[in-house]
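Peer 1:
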Amino acid sequence: MSTVSQQTKWRQALLSGALILQSLLLANGQATTALNEPCLAFVKDIFSEDRQQLLCQTPSGMLYILPSVDGQWIEEKMIAGELYSGETILDLPDGTTINREDQTLNLNEMPALVNSDSSERRLQQNTKTTGDRTVLAVRVIASNGEMSKSDEELSASIFGGANDFVNLKSQYAACSHGKINIVKRPDMNGLTSNIQNGVVTIRVNLPVEVGHSTMVNAVSQELDREFGMTMHSIADHVMYCLPKGNYNGVGFAIMNGGLSVFNDKLCTSVSTQMHEIGHNLNLGHSGIGTEKYGDQSCMMGYSYRSSEAPKMCFNAAKSFQLGWYDDKSKSMIPGTGPWGDDHTFTLSNIVDYPTTNDDVLIEIVEPASQKNYYVGFNVGKGFNQGTRHGKNQVLVYSKPVAAGIDSLRVADLSSGDSFTISDFNGITGNTLSISVLSIDLSSDLAQVRVTLNRKHSPPTPMPTRYPTPAPTRLPTRRPTPSPTLRPVAQTPSPTRPIGGRKPTVDDIPVTTSQSCKAAYSECETTSECCAGFSCRRVASDTGFSNVCRAIAKNSKDKLQRNGTPWWKRRLRGDSNVQAPREPDNEILEVQA
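Just so we're aligned: the sequence shown equals residues -29 to -1, 1 to 563 in mature numbering (1 follows the signal peptide of the UniProt record, and there is no 0).
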């Protein structure tokens, strides 16, 4: 065993004392303690329970649940750009306490959601998805039960070896074509347990009957006591393999973070491993229809018990987010730029990515809806031979722009099939068609056509130069007066597109029944424009024009001081740093 510094010994003794104190408090009915520090917000995605929770992670790695927050609130805040799992700070109100029995927070009001800088700088993928990613598997032994696989079996199922050929390491390497590399956390000696081959056994003095949230925090404390390192600093990804009977689900993980938790031997299931680490990489679930996990063309759908199967990767929406195929992916806004209203792609597949000269993914951007569509050719061969749905078909997915949100498979297309999106980009009557012209399985290529069909108003008939007199049934005795020489005013010709350029989707005015001017109508003052629009001066090929444009949302103020964000310095122990408070109207409240 390696020499442990005196400082580390003191730290471990204090942690051990904290565990004893916690047990005494619970034994004497004192089940709550104060929490007076900001914490990091994490979204906990619970596999098989179809729900999410918002967690507060303290600097020591403890995770506490905000019980009054539901999945709908979480998704709304993520889509709105107000909540970023693993980045947003929860500025807890005074008087917040921890309920030790179920690891929940008692709050008299919702904490403020504080982000370190402007939302404009946010990328869709935050966790690193390329390069080396260290993994530590923690085999948990409780006072009356233990994880049923040995350290050796656990290591082989994650990193390979002992005739285990399909595992977390091999499948991530195959799907990414070597761009992400799962590696063992280096060996390390602790006080009573050692890390070897990427695995460590941790003992906790709790029965399996305690709640899994209590068990997880107890394991994190023991890990810190053994090695003097918190759960979120000891490795990029930490997999807690809980003993049978402690957790009844399949597993769960924190989004855009490092922790994943498994029910006993499901820690060796390759699909469950891929799924939960996928959440760490900020991926949401993959569904179809009303089934949250129903998309079985992707590892973010249902998982399977086998430690060796299926050989499968991620769907087009997830693959685009991961960025492994960026140089052979296209992102298009139909009706704009080089795409025009009609464009045909030769689409290859992710298995042939290294050798093909064609694209393997298509992103179709729909700005008005904040939801995009993704197209991929799901060839069932090689490392994707185990795909359960849509094999050798062109599959279409929809997904909100924000990372971590679930994707939905909306179409399985064979040769000759089409999928149509109505009222595309929020314009009534406009449709977008995704058509498969052909599929060639000898070359594993598909021809995919994307067509924007615009709604055109019927042409206005030419005006008559003189009014047509009403017909007379009988000749009149008196002469008919001469017609008026002044002609009827002609119907004005349609307004030309700004700058004389080819019209795009954004140039089509939004239809409205209000007596106001809609998008791209010429204006003089903002009062002429419909709600949500302002009269702005824009440049064009022929000069400048004043037109009604949508009002952009203001980005949040930066909350960063002197290079290092305040919250990072505060989490590192600098108690003199004061958190900048958001205005009162920015504090979010949720009904219990």
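Each residue gets a CB set at the ideal place from its N, CA and C atoms; glycine is no exception.
Using CA atoms only, rank isn't needed, just tell me which of V221, E8, I248 and G228 is closest to K236.
Peer 2: Among V221, E8, I248 and G228, the Cα nearest to that of K236 is on V221.
Peer 1: Measure the beta-carbon distance from S300 to D330 and round it to whole angstroms, keeping in mind my assumption that it falls under 8 Å.
Peer 2: Going by Cβ atoms, the distance from S300 to D330 rounds to 6 Å, so yes, they are a contact pair.
Peer 1: Go ahead and label Q43 buried or exposed: buried means 16 or more other beta carbons lie within 10 angstroms of its beta carbon, across all protein chains shown.
Peer 2: Exposed.
Peer 1: Taking the alpha-carbon of D411 as reference, which of F348, H360 and G357 has the nearest alpha-carbon?
Peer 2: For D411, the nearest C-alpha among the options comes from F348.
Peer 1: Do you know offhand how far E47's Cα is from E123's?
Peer 2: Computed Cα separation, rounded: 43 Å.
Peer 1: Leaving aside the five residues before and after G131 along the sequence, list all residues of the same chain whose C-beta is less than 7 Å from its C-beta, in chain order.
Peer 2: Cβ neighbours of G131 beyond the five flanking positions: N138, K140 and S141.
Peer 1: What did DSSP end up calling S(-28) once you bin it into helix, strand or coil?
Peer 2: Residue placement at S(-28) is poorly supported in this model, since its pLDDT is 38, which falls under 50; the coordinates are not used for a value here.
Peer 1: Note down, in chain order, each residue of its chain lying with its Cβ closer than 7 Å to the Cβ of K362, except the 5 sequence neighbours on either side.
Peer 2: Counting only Cβ-Cβ distances below 7 Å, and skipping sequence neighbours, we find N349 and G351.
Peer 1: Taking C-beta to C-beta, are G327 and V421 nearer than 9 Å?
Peer 2: Looking at the sequence itself, residue 327 is Thr, so the reference to Gly does not match. Against a cut-off of 9 Å, the Cβ pair of V421 and T327 comes out as no contact.
Peer 1: Could you compute how far the alpha carbon of A83 sits from the alpha carbon of L63?
Peer 2: Approximately 7 Å, taken between the alpha carbons.
Peer 1: I need the DSSP call for L252, collapsed to helix, strand or coil.
Peer 2: Three-state DSSP puts L252 in coil, outside helix and strand.
Peer 1: Could you round the C-beta distance between I60 and V85 to whole angstroms and report it? I think they count as a contact, below 8 Å.
Peer 2: Confirmed, Cβ separation roughly 4 Å.
Peer 1: Excluding the 5 residues flanking G400 on each side, which residues of the same chain have their C-beta closer than 6 Å to its C-beta?
Peer 2: Contacts found: K426.
Peer 1: Tell me which residue opens and which closes the alpha helix (DSSP H) that V106 is part of.
Peer 2: First-last for V106: G102 to A113, but that is the beta strand (DSSP E), not the alpha helix (DSSP H).
Peer 1: May I ask which residues mark the beginning and end of the beta strand (DSSP E) holding T185?
Peer 2: Unbroken run through T185 is the alpha helix (DSSP H), H183 to F198; no beta strand (DSSP E).
Peer 1: Assuming the contact rule is C-beta atoms closer than 8 Å, S268 and L423 should be a hit. Round their C-beta distance to whole Å, please.
Peer 2: With a Cβ gap of about 26 Å, S268 and L423 do not count as contacting.
Peer 1: Per DSSP, C212 is paired with what?
Peer 2: Its beta-bridge partners are R110 and F233.
Peer 1: V407 to D312, Cα distance in whole Å?
Peer 2: Cα to Cα, the separation comes out at about 16 Å.
Peer 1: What residues in its chain sit with their C-beta under 6 Å from that of A373, if we drop five residues either side in the sequence?
Peer 2: Taken in chain order, the residues that qualify are M49 and I50.
Peer 1: Taking the alpha carbon of T31 as the reference point, which residue from V190, D394 and Y275 has its own alpha carbon closest?
Peer 2: Reading off the sequence shown, one finds Ser at residue 31, where the question assumed Thr. Looking at the Cα atoms, V190 is the closest of the given residues.
Peer 1: Strictly by DSSP, which residues pair up with T422?
Peer 2: Paired residues: D313 and S404.
Peer 1: Which value, in whole angstroms, describes the spacing of the CA atoms of S505 and E499?
Peer 2: Near 9 Å, if we compare the C-alpha coordinates of E499 and S505.
Peer 1: Is the number of C-beta pairs between the stretch 284 to 302 and the stretch 384 to 391 that are closer than 8 Å three or more?
Peer 2: Judged by Cβ distances under 8 Å, the stretch 284 to 302 makes no contact with the stretch 384 to 391, as fewer than three pairs qualify.
Peer 1: Alpha carbon to alpha carbon, what distance is there between G260 and C487?
Peer 2: Going from the Cα of C487 to the Cα of G260 covers about 39 Å.
Peer 1: Can you tell me whether R380 is buried or exposed? The criterion is at least 16 other CB atoms within 10 Å of its CB, across all chains shown.
Peer 2: Per the 10 Å Cβ criterion, buried.
Peer 1: Among N160, N217 and N168, whose alpha-carbon lies nearest the alpha-carbon of V187?
Peer 2: Cα-wise, what sits closest to V187 is N217.
Peer 1: At what residue ranges does the stretch 253 to 332 contain a whole run of the alpha helix (DSSP H), taking only runs of 4 or more?
Peer 2: For the stretch 253 to 332, whole alpha helix (DSSP H) runs of length 4 or above, ordered along the chain, are 287 to 293.
Peer 1: Short check: CB of S56 to CB of I225, under 9 Å?
Peer 2: Yes, they are a contact pair.
Peer 1: Do S184 and L34 have their beta-carbon atoms positioned less than 9 Å apart in this structure?
Peer 2: It is a contact, given that the beta carbons lie within the stated cut-off.
Peer 1: Determine the DSSP secondary structure at I129, reduced to helix, strand or coil.
Peer 2: If DSSP states are grouped into helix, strand and coil, I129 belongs with the helices.
Peer 1: Closest to R196 by C-alpha separation, out of L162, K215, I112 and M303, would be which residue?
Peer 2: When only C-alpha atoms are compared, the closest one is L162.
Peer 1: Which residues mark the beginning and the end of the beta strand (DSSP E) in which Y345 is found?
Peer 2: Looking at the DSSP string, the run of the beta strand (DSSP E) that includes Y345 is K342 to N349.
Peer 1: Which residues bound the beta strand (DSSP E) around I50?
Peer 2: No beta strand (DSSP E) holds I50; the alpha helix (DSSP H) holding it covers G42 to I50.
Peer 1: So, helix, strand or coil for F390, using DSSP?
Peer 2: DSSP places F390 in strand when its eight states are reduced to three.
Peer 1: Could you check if T229 is buried or exposed, using at least 16 other CB atoms within 10 Å of its CB as the buried criterion?
Peer 2: Before going further, note that residue 229 is Gly rather than Thr in the sequence given. Counting Cβ neighbours within 10 Å, G229 comes out buried, since at least 16 surround it.
Peer 1: Within a Cβ cutoff of 7 Å, which residues of the same chain sit near K15, ignoring the five residues on either side of it in sequence?
Peer 2: Closer than 7 Å at the Cβ level, and outside the excluded window around K15, lie Q23, Q24, L26, F223 and I225.
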